[in-house]
Amino acid sequence: MDGARTNVAYNCLERNVARGYGSRIAYLWEGNEPSDSSFITYEELLDRVVRFSAVLRSRGVRKGDVVAIYLPMIIELPIAMLACARIGAVHSVVFAGFSSDSLASRLLQAKARTLITCDGFFRGKKLVPLKSVADAAIATCSKEGLTVNSVIVVRHLNRVHHADGVSIPEFEYRKGTDIFYEEELERFRGVNSPVEWTEAEGSPCHPLYFRVYR
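Heads up: the sequence shown is residues 1 to 214, going by the UniProt record's numbering.
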């Protein structure tokens with residue numbers, strides 16, 4: 001439709017809340033352990049997406065900018081994706097099992113200067129120190145001439161059950177670059193972060209990577 005405008009986040013959230021679905025479950029999360037689970041309704045999801053979109057704007061993210069998301073399958077993943085869509089930013093989701101070199105490659109290709117990650121997560125009994133992997137990727141990017149200005153860190157490990165005998169390492173905190181998701185979300189409670197309408201055709205939402213077999 002020539003000249004049409006849209007917003008993916010609006011279609012997913014405001015539209016469904018307006019239809020009376022606000023109290024319905026939007027996402028149900030089940031973690032590594034059966035006892036680790038939570039859910040979020042459409043109204044709650046809309047609130048967090050609006051607030052997190054304000055966080056991104058406060059860090060200088062604008063329409064057309066690329067934001068890299070390096071998270072496991074947690075509720076903050078769709079929140080981050082929808083927050084990017086709300087402000088017209090492009091989200092690049094990087095599989096949380098990828099190495100620091102693979103993450104660095106995605107950051108460099110997208111020229112992403114904002115990264116969303118978490119402290120770590122469990123896969124079975126194995127602890128994956130995701131923030132440390134992200135730091136290594138950022139160091140590689142710096143050597144290649146790309147500075148990642150903002151790293152938004154979700155504190156995930158303190159809310160899940162830990163595998164027996166696994167110690168949780170401290171990750172490096174870089175003042176001025178690293179900020180905590182939970183603190184920033186609280187800071188923007190009640191804020192108005194309007195929808196950025198984009199062209200229905202030709203406006204990128206997210207890149208897709210394909211494996212080519214020869």
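Backbone N, C-alpha and C define an ideal beta-carbon position, used for all residues, glycine too.
Because the structure is a prediction, the values reported are computed rather than measured.
For residue i, the first and last residue of its enclosing alpha helix (DSSP H)
i: Leu185; result: Tyr181 to Arg187
i: Arg51; result: Tyr42 to Ser58
i: Ser150; result: Element bounds for Ser150: not the alpha helix (DSSP H) but the beta strand (DSSP E), Ser150 to Val154.
i: Ile138; result: Leu130 to Lys143
Cβ neighbours of residue i in the same chain (closer than 8 Å, five flanking residues each side left out)
i: Val67; result: Leu56, Val61, Ala80, Cys84, Ala89, Val90, His91, Ser92, Ala112, Thr114, Leu115 and Ile116
i: Thr147; result: Arg113 and Cys141
i: Ser193; result: Val50, Arg51, Ser53, Ala54, Arg57, Arg86 and Ile87
Residue range of the unbroken beta strand (DSSP E) whose run includes residue i
i: Ile69; result: Val66 to Ile69
i: Ala9; result: From DSSP, Ala9 is part of no beta strand (DSSP E) but of the alpha helix (DSSP H) over Val8 to Cys12.
i: Trp197; result: Run containing Trp197: none; DSSP gives neither H nor E here.
i: Ala26; result: Ile25 to Glu30
Residue i and residue j closer than 8 Å at C-beta
i: Asn32; j: Arg159; result: no
i: Arg133; j: Leu71; result: The question names Arg, but residue 133 is Val in the sequence shown. Against a cut-off of 8 Å, the Cβ pair of Leu71 and Val133 comes out as no contact.
i: Ala9; j: Val128; result: no
i: Ala110; j: Pro207; result: yes
i: Phe16; j: Trp197; result: Checking the sequence, you will find Asn at residue 16 rather than Phe. No, Cβ-Cβ distance for Asn16 and Trp197 is not below 8 Å.
i: Gly22; j: Glu43; result: yes
i: Ile138; j: Tyr181; result: no
i: Lys131; j: Cys141; result: no
i: Ile69; j: Trp29; result: no
i: Glu172; j: Asp135; result: yes
i: Ser150; j: Arg24; result: no
i: Leu13; j: Leu45; result: yes
i: Lys125; j: Val166; result: yes
i: His161; j: Asp2; result: no
Residue environment, residue i, which counts as buried when at least 16 other CB atoms sit within 10 Å
i: His156; result: buried
i: Glu144; result: exposed
i: Phe121; result: buried
i: Ala163; result: exposed
i: Ala18; result: exposed
i: Arg174; result: exposed
i: Lys26; result: The question names Lys, yet the displayed sequence has Ala at residue 26. By the 10 Å Cβ count, Ala26 comes out buried.
i: Pro204; result: exposed
i: Arg48; result: buried
Cutoff 7 Å; reference residue i; Cβ partners in own chain excluding five residues on either side
i: Pro169; result: Pro129
i: Ala104; result: Ala137, Thr140 and Cys141
i: Arg5; result: Trp197, Thr198, Glu199 and Ala200
Sequence-distant residues of the same chain with beta carbon closer than 6 Å to residue i, five excluded per side
i: Leu107; result: Ala68 and Cys141
i: Ser100; result: Val133, Ala136 and Ala137
At 4 residues or longer, what runs of the alpha helix (DSSP H) sit wholly inside the segment 70-116?
76-86 and 100-110
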